[in-house]
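Participant:
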Amino acid sequence: MREKIIVALDVDTENEAMRLVESLANYTGAFKVGLQLYNNTGPGIIKKIVDAGAKVFLDLKFHDIPNTAARAAEAVVGLGSFMFNVHASGGINMMKAVVQASHARAEKAGFLPPLLIGVTVLTSMSEQELHDEVGASRSMQEQVVHLASLCQKAGLDGVVASAREIPWIRRACGESFLIVTPGIRPAWAATDDQTRIVTPKDALSAGADYLVIGRPLTAAADPGDAARRLLAEIEEESA
Ligand code: C5P
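Okay, here's the thing in structure tokens:
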């Protein structure tokens, strides 16, 4: 079960990040490095975490012309993360170029390519914003399913999605398509600024493959203890 937990390292410094890696590595499957930590510390943070024996999900959400996104993907493969992501709204040509570049670079280096995950519609976006600002004419559900299917057609391994979107995506993309789910709150944790939250149990029973969890673990007085409680909650509930 612990392999399914990805801890969001939303901190500014290498010291804070490495302290969390040290306290949580035994209880979780991987660590997510996003724009905050990456831009504060630089790409070297990935090697640091990997050298400490942990896996990294590099959450930089590429969205650019196919050539630029593909060259960036080649650089990511060299950094050693096991998973990274792109915005599906960059289009199928961009996604295919990223898949191709990542696979070619990994093959040349002699290892498996990192998993490539698509962001469909950000969960922070409302249906109203999707229509009025982005100009989409589909409903939220149709747009999420449309983009998830596009990710699959491009050869991506899965998508990031809120737990409530899982049934639609499973129906469209099948069981082996990965679904990475943020917005997770154990029963005992504060909701913080997340509104559409689900418990780890609900996300897993809805079919999530990975749970991205940040503050319930990283802001706890004792992160290791919080992780043990989280695992106990999941194991108890799934027993
Ligand atoms: O602290 P918390 O558990 O809310 O952190 C969730 C993490 O997942 C953050 O790094 C956030 O950026 C990320 N995320 C999210 N919702 C999305 C996509 C990513 O909360 N739709």
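Each number in my numbering comes from the position in the sequence shown (counting from 1) with 3 added on.
For each residue, glycine too, the CB sits at the ideal point set by N, CA and C.
#1: Going by DSSP, what residue range makes up the alpha helix (DSSP H) through Ala73?
#2: Would you mind working out which of Ala157, Val122 and Asp160 sits nearest Gln146, comparing C-alpha positions?
#3: Where Ile8 and Lys99 are concerned, what is the direct C-alpha to C-alpha distance, given to the nearest angstrom?
#4: Alpha carbon to alpha carbon, what distance is there between Asp195 and Val3?
#5: Please state if the CB of Val80 and the CB of Gln39 are separated by a distance shorter than 9 Å.
#6: Please classify Glu2 as buried or exposed, where buried requires at least 16 other C-beta atoms within 10 Å of its C-beta.
#7: Please report the distance separating the alpha-carbon of Gly158 from that of Gly83.
#8: Kindly identify the DSSP beta-bridge partner or partners of Met86.
#9: Have a look at Pro185, Ala190 and Asn29 and flag the residue whose alpha-carbon is nearest the alpha-carbon of Gln197.
#10: If you follow the beta strand (DSSP E) that Lys35 is part of, which residue opens it and which one closes it?
#11: Quick one: Cα of Gly161 to Cα of Ala139, how far?
#12: Note down, in chain order, each residue of its chain lying with its Cβ closer than 6 Å to the Cβ of Leu233, except the 5 sequence neighbours on either side.
#13: Mind checking whether Lys156 and Ile216 have CB atoms under 9 Å apart?
#14: Measuring straight from C-alpha to C-alpha, what distance separates Leu181 and Ala164?
#15: In the DSSP assignment, what are the bridge partners of Thr184?
#16: Please classify Thr126 as buried or exposed, where buried requires at least 16 other C-beta atoms within 10 Å of its C-beta.
#17: List the endpoints of the continuous alpha helix (DSSP H) containing Val101.
#18: Between Thr44 and the ligand C5P, is there a pair consisting of the residue's CB and a ligand heavy atom that are separated by less than 8 Å?
#19: If I follow the unbroken beta strand (DSSP E) through Ile9, where does it start and stop?
#20: How many angstroms separate the CA atom of Ile2 from the CA atom of Pro203?
Facilitator: To lay it out plainly:
#1: Note, Ala73: alpha helix (DSSP H), Pro69 to Leu82.
#2: Looking only at Ala157, Val122 and Asp160, the smallest Cα-Cα distance to Gln146 is reached by Val122.
#3: C-alpha of Ile8 to C-alpha of Lys99: approximately 28 Å in a straight line.
#4: Because the chain here runs from 4 to 242, residue 3 falls outside it and cannot be looked at.
#5: Not in contact: Gln39 and Val80 (Cβ atoms no closer than 9 Å).
#6: This structure cannot speak to residue 2, because the chain is shown only from 4 to 242.
#7: C-alpha separation (whole angstroms): 20 Å.
#8: Paired residue(s): Phe60 and Leu118.
#9: The residue from Pro185, Ala190 and Asn29 with its alpha-carbon nearest to that of Gln197 is Pro185.
#10: Taken as a continuous stretch (DSSP letters only), the beta strand (DSSP E) holding Lys35 covers Ala33 to Gly37.
#11: So the two alpha carbons sit approximately 22 Å from each other.
#12: A distance below 6 Å between beta-carbons, with the five flanking residues on each side excluded, links Leu233 to the following residues of its chain, in chain order: Pro189.
#13: A distance of 9 Å or more separates the beta carbons of Lys156 and Ile216.
#14: C-alpha separation (whole angstroms): 10 Å.
#15: Bridge partners of Thr184: Leu214.
#16: By the neighbour-count rule (16 or more Cβ atoms within 10 Å), Thr126 is buried.
#17: First-last of the alpha helix (DSSP H) with Val101: Ile95 to Ala112.
#18: Result no, Cβ not under 8 Å from the ligand C5P.
#19: Judged by DSSP secondary structure, Ile9 falls within the beta strand (DSSP E) whose first and last residues are Ile8 to Ala11.
#20: Residue coverage of the chain in this structure runs from 4 to 242, which leaves residue 2 outside it and unanswerable.
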